[in-house]
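Colleague: So that we are looking at the same thing, I have put the structure below in structure tokens.
Protein chains: 2
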Amino acid sequence: MKRAVVLLSGGLDSTTTLAIAMAEGYDAYALSFDYGQRHQIEIEAARRVANSLGTREHRVAKIDMRILGGSALTDDLDVPKKRSKTEIAHGIPVTYVPARNTIFLSYALALAEAIESIDIFIGANAIDYSGYPDCRPEFIKAFETLANLGTKAGVEGARFHIRAPLIRSSKSEIIGKAIELNVDLSLTHSCYDPSPGGLACGECDSCLLRLKGFREAGIKDPIRYSEK
Amino acid sequence: MKRAVVLLSGGLDSTTTLAIAMAEGYDAYALSFDYGQRHQIEIEAARRVANSLGTREHRVAKIDMRILGGSALTDDLDVPKKRSKTEIAHGIPVTYVPARNTIFLSYALALAEAIESIDIFIGANAIDYSGYPDCRPEFIKAFETLANLGTKAGVEGARFHIRAPLIRSSKSEIIGKAIELNVDLSLTHSCYDPSPGGLACGECDSCLLRLKGFREAGIKDPIRYSEK
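As they're listed, the protein sequences go chains A and B. End of the first sequence = 228 in this note's numbering, gap-free, step of one. End of the second sequence = 228 in this note's numbering, gap-free, step of one.
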């Protein structure tokens, strides 16, 4: 059975990407990252998703991005909230983390080489996250080139493929695909700023995008949001 | 003062690379990696070197490469020793770590972006380590392309440079350069398999390369080796 490494945050996009990889017949090695206290809820979501979909393994790499400072996802900056529930940020968001997907893909590449896989799946999306440079097709392609040059497997003739099957999909299309693949979306987590109990805030960019996607897909979001 | 991130293992090549960056007038942010117990001696060497050369900062990122398994530098495989002191391994060595320089450069890129630097120095060398795919000039170039595509700074017009000033130098040339720059080479550490007290074994590939380099440079290696 062919193996794939699948980057899994436990959000809608990576969860649907994992379901796609498994529907294609891959034996999936899910890979998540623990980059500090704030993301425990996200890691729990990734664990639930990996269990529910039946991955071969789910590995969690601790990474030390706090040495960098300067981003809403790694330190104590406030996550921005919008006045209007339909106003989603444009440009590069304050939640941008320097070189994050480069780091994530580097670990995925190392794991792929270790388990003798040549396929790496990432839920990168260039539509909703148009502000993130490391979600663009040209970035994914450049990483693929790097992967083939910078590994023993690549030098020995293997050809790595960095697969981003949702890169041009809208959020509602992603939700539609997940439903088609029988993914239990109640297990996923998207919020940048959940309550201590894990409820989504419903107000950060990530919640707004998610809610808009469900609205456009004509489906009720099965997760619970904080009462306001 | 222009800033640079310099990957620093505390070995000859990265130490000399750091000295070159500083001689070029960069304010240096040295970056080392802690990937498990086995490398504490290496991190100590990096600390001594950074202090001695007077870097602006020395940051140590803990990274979790043990989730990968399968390499002599990350788990308990025996480091290969040669029968003859002149026989150095060819091909891709057993000490190859999957995608290691890709991971290291990814962190360096994140740090560079965080501190608003566009220059990253790495002590990669394609001569002595001809077996390592991620020490080749084409790999370094591919990472540079990736850096400019995958970062906010790159999208906004910054041009990252991945500098590998020693990539085509022999070990004896590197030692000569270090001496020219007044680097105290007694602070460096190269051995893959040091004694618990930190003495170099004198028999692993890394020690053999180092000793050969000093021999060819006509200089006595100032570090201590285990008595056999």
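Note that beta-carbon positions come from the ideal geometry of N, C-alpha and C, so glycine has one too. Predicted, not measured: the structure shown is a model, and the values here were computed from it.
#1: Which partner residues of I120 (chain A) appear in the DSSP bridge assignment?
#2: Determine, for I167 (chain B), whether the minimum Cβ-Cβ distance to residues of chain A falls below 8 Å.
#3: Check whether the Cβ atoms of L109 (chain A) and E138 (chain B) sit closer than 8 Å, and answer yes or no.
#4: Examine chain A for any beta-carbon lying closer than 8 Å to the beta-carbon of E42 (chain B), and answer yes or no.
#5: Residue ranges of each beta strand (DSSP E) run of no fewer than 3 residues wholly in the segment 139–197 of chain A, ordered along the chain?
#6: What separation, rounded to the nearest whole angstrom, lies between the Cα atoms of A45 (chain B) and F104 (chain A)?
#7: Output the boundary residues of the alpha helix (DSSP H) element that contains E44 (chain B).
#8: When you compare the CB positions of V49 (chain B) and L31 (chain B), do they come within less than 8 Å of one another, or not?
#9: Taking Cβ-Cβ distances shorter than 8 Å, what residues in chain B pair up with M65 (chain A)?
#10: Measuring straight from C-alpha to C-alpha, what distance separates G25 (chain A) and I140 (chain B)?
#11: I need the DSSP call for R56 (chain B), collapsed to helix, strand or coil.
#12: Under 8 Å: do the segment 146–166 of chain B and the segment 203–211 of chain B share three or more Cβ pairs, one atom per stretch?
#13: Strictly under 8 Å for the Cβ-Cβ distance: is D27 (chain B) near chain A by that measure?
#14: Are I67 (chain A) and R3 (chain B) close, meaning C-beta to C-beta below 8 Å?
#15: According to DSSP, is R210 (chain B) part of a helix, a strand, or is it coil?
#16: Could you name the residues of the same chain whose beta carbon sits closer than 6 Å to that of S52 (chain A), not counting the 5 residues immediately before and after it, in chain order?
#17: Taking a Cβ distance cut-off of 7 Å, strictly less, list which residues of the segment 140–162 of chain B are near chain A, in chain order.
#18: For a contact meaning CB atoms closer than 8 Å, what does S186 (chain A) contact in chain B?
#19: Can you list, in chain order, the residues of its chain with a C-beta nearer than 8 Å to that of E227 (chain B)? Leave out the 5 residues immediately preceding and following it.
#20: May I have the straight-line CA-CA distance separating A114 (chain A) from K177 (chain B), to the nearest angstrom?
#21: Comparing the C-beta of I120 (chain A) with each C-beta of chain B, is any distance below 8 Å?
#22: Buried or exposed: K220 (chain A), going by 16 or more other Cβ atoms within 10 Å of its Cβ?
#23: Use the C-beta contact count for G218 (chain B): other C-beta atoms within 10 angstroms, 16 or more gives buried, fewer gives exposed.
#24: Starting from C31 (chain A) and walking both ways along the beta strand (DSSP E), at which residues does that stretch end?
#25: In the DSSP assignment, what residue or residues form a beta bridge with A61 (chain B)?
#26: Output the distance between the C-alpha atoms of I179 (chain B) and E216 (chain B), rounded to the nearest integer angstrom.
#27: Consult DSSP for Y107 (chain B) and reduce its assignment to one of helix, strand or coil.
#28: For I127 (chain A), which residues in the same chain have their Cβ closer than 6 Å to its Cβ, ignoring the five residues on either side in sequence?
#29: For L68 (chain B), go through chain A and note every residue whose CB falls closer than 7 Å to its CB, in chain order.
#30: Would you say S106 (chain B) reaches chain A, if we count a Cβ-Cβ gap shorter than 8 Å as a contact?
#31: May I have the straight-line CA-CA distance separating M65 (chain B) from Q40 (chain B), to the nearest angstrom?
#32: Would you mind stating whether S9 (chain A) and E57 (chain A) have Cβ atoms separated by less than 8 Å?
#33: Relative to the C-alpha of N182 (chain B), which candidate in B:L7, B:Y35, B:G54 has its C-alpha closest?
#34: Rounded to the nearest angstrom, how far is the Cβ of P98 (chain A) from that of G154 (chain B), given a contact under 8 Å?
#35: Measuring straight from C-alpha to C-alpha, what distance separates M22 (chain B) and I175 (chain A)?
#36: Quick one: give me the first and last residue of the alpha helix (DSSP H) that S226 (chain A) is part of.
Modeller: Well, looking at it:
#1: Counted from its first residue, the first sequence places residue 120 (chain A) at position 120. According to DSSP, which records beta bridges pairwise, I120 (chain A) is partnered with A:V5, A:I162.
#2: The residue labelled residue 167 (chain B) in the question sits at position 167 within the second sequence. By this cut-off, I167 (chain B) is not an interface position.
#3: For the purposes of this step, residue 109 (chain A) is taken as the residue at position 109 of the first sequence. For the purposes of this step, residue 138 (chain B) is taken as the residue at position 138 of the second sequence. Not in contact: L109 (chain A) and E138 (chain B) (Cβ atoms no closer than 8 Å).
#4: In the second sequence, counting from the first residue as 1, residue 42 (chain B) sits at position 42. Taking Cβ atoms only, chain A never reaches closer than 8 Å to E42 (chain B), which makes this a no.
#5: The beta strand (DSSP E) runs lying completely inside the segment 139–197 of chain A and spanning 3 residues or more are 161–163, given in chain order.
#6: Here the question's residue 45 (chain B) lines up with position 45 in the second sequence. Here the question's residue 104 (chain A) lines up with position 104 in the first sequence. If you take the alpha carbons of A45 (chain B) and F104 (chain A), they lie about 28 Å apart.
#7: Position 44 of the second sequence, counted from the start, is the residue given in the question as residue 44 (chain B). It spans 40–53 - the alpha helix (DSSP H) in which E44 (chain B) sits, taken as one unbroken run.
#8: Residue 49 (chain B) sits at position 49 when you count from the first residue of the second sequence. Residue 31 (chain B) sits at position 31 when you count from the first residue of the second sequence. Cβ atoms of V49 (chain B) and L31 (chain B): not closer than 8 Å.
#9: Taking the first residue of the first sequence as 1, we reach residue 65 (chain A) at position 65. Here the neighbours are A110.
#10: For this step, residue 25 (chain A) is matched to residue 25 along the first sequence. For this step, residue 140 (chain B) is matched to residue 140 along the second sequence. So the alpha carbons of these two residues sit roughly 34 Å apart.
#11: Residue numbering aside, residue 56 (chain B) sits at position 56 when the second sequence is read from its first letter. Looking at R56 (chain B) - three-state DSSP - the assignment turns out to be coil, as it is neither helix nor strand.
#12: no
#13: The count along the second sequence starts at 1 and reaches residue 27 (chain B) at position 27. For D27 (chain B), the answer is no, since every Cβ of chain A falls outside 8 Å of its Cβ.
#14: Taking the first residue of the first sequence as 1, we reach residue 67 (chain A) at position 67. Taking the first residue of the second sequence as 1, we reach residue 3 (chain B) at position 3. Taking 8 Å as the Cβ cut-off, I67 (chain A) and R3 (chain B) do not qualify as a contacting pair.
#15: Position 210 of the second sequence holds residue 210 (chain B). Of the three classes helix, strand and coil, the one that applies to R210 (chain B) here is helix, per DSSP.
#16: Your numbering for residue 52 (chain A) matches position 52 in the first sequence. Cβ neighbours of S52 (chain A) beyond the five flanking positions: D184, L187.
#17: A142, F143, T145, L146, L149, G150, T151, K152, G154, V155
#18: For this step, residue 186 (chain A) is matched to residue 186 along the first sequence. Chain B residues near S186 (chain A): none, gap ~28 Å exceeds 8 Å.
#19: As a first step, residue 227 (chain B) is located in the second sequence; it is residue number 227 there, counting from the start. Taken in chain order, the list of residues that qualify is empty.
#20: On the first sequence, residue 114 (chain A) is found 114 positions in, with the first residue counted as 1. On the second sequence, residue 177 (chain B) is found 177 positions in, with the first residue counted as 1. Distance between the alpha carbons of A114 (chain A) and K177 (chain B): 36 Å.
#21: Taking the first residue of the first sequence as position 1, residue 120 (chain A) is located at position 120. No, I120 (chain A) does not count as interfacial toward chain B.
#22: The residue you call residue 220 (chain A) lines up with position 220 of the first sequence. K220 (chain A) is exposed by the Cβ-count criterion.
#23: Locating residue 218 (chain B) in the second sequence gives position 218, counting from the first residue. In the assembly as shown, G218 (chain B) is an exposed residue. Its beta-carbon has fewer than 16 other beta-carbons within 10 Å.
#24: In the first sequence, counting from the first residue as 1, residue 31 (chain A) sits at position 31. Checking the displayed sequence, the identity of residue 31 (chain A) turns out to be Leu instead of Cys. It spans 27–34 - the beta strand (DSSP E) in which L31 (chain A) sits, taken as one unbroken run.
#25: Your numbering for residue 61 (chain B) matches position 61 in the second sequence. A61 (chain B) is bridged to B:F33.
#26: The residue you call residue 179 (chain B) lines up with position 179 of the second sequence. The residue you call residue 216 (chain B) lines up with position 216 of the second sequence. When only Cα atoms are considered, I179 (chain B) and E216 (chain B) end up about 14 Å apart.
#27: Taking the first residue of the second sequence as position 1, residue 107 (chain B) is located at position 107. Helix, per DSSP.
#28: Mapped onto the first sequence, residue 127 (chain A) falls at position 127. S170, listed in sequence order.
#29: Here the question's residue 68 (chain B) lines up with position 68 in the second sequence. Within chain A, the residues near L68 (chain B) are A110, L111, A114.
#30: Here residue 106 (chain B) is taken as the residue at index 106 of the second sequence, counted from 1. With 8 Å as the cut-off, S106 (chain B) counts as an interface residue toward chain A.
#31: Sequence index remark: in the second sequence, residue 65 (chain B) carries index 65 (1-based). Sequence index remark: in the second sequence, residue 40 (chain B) carries index 40 (1-based). M65 (chain B) and Q40 (chain B) have their C-alpha atoms some 15 Å from each other.
#32: As a position in the first sequence, residue 9 (chain A) is number 9, starting the count at 1. As a position in the first sequence, residue 57 (chain A) is number 57, starting the count at 1. Against a cut-off of 8 Å, the Cβ pair of E57 (chain A) and S9 (chain A) comes out as no contact.
#33: As a first step, residue 182 (chain B) must be located in the second sequence, where it is residue number 182. Selected option, being the one with the closest Cα: B:G54.
#34: Position 98 of the first sequence, counted from the first residue, corresponds to residue 98 (chain A). Position 154 of the second sequence, counted from the first residue, corresponds to residue 154 (chain B). Their Cβ separation, rounded to whole angstroms, is 11 Å, which puts P98 (chain A) and G154 (chain B) out of contact at 8 Å.
#35: One-based indexing of the second sequence puts residue 22 (chain B) at position 22. One-based indexing of the first sequence puts residue 175 (chain A) at position 175. Those two C-alpha atoms are separated by around 52 Å.
#36: Stepping through the first sequence from its first residue, residue 226 (chain A) is reached at position 226. Neither: S226 (chain A) is in no alpha helix (DSSP H) and is coded neither H nor E.
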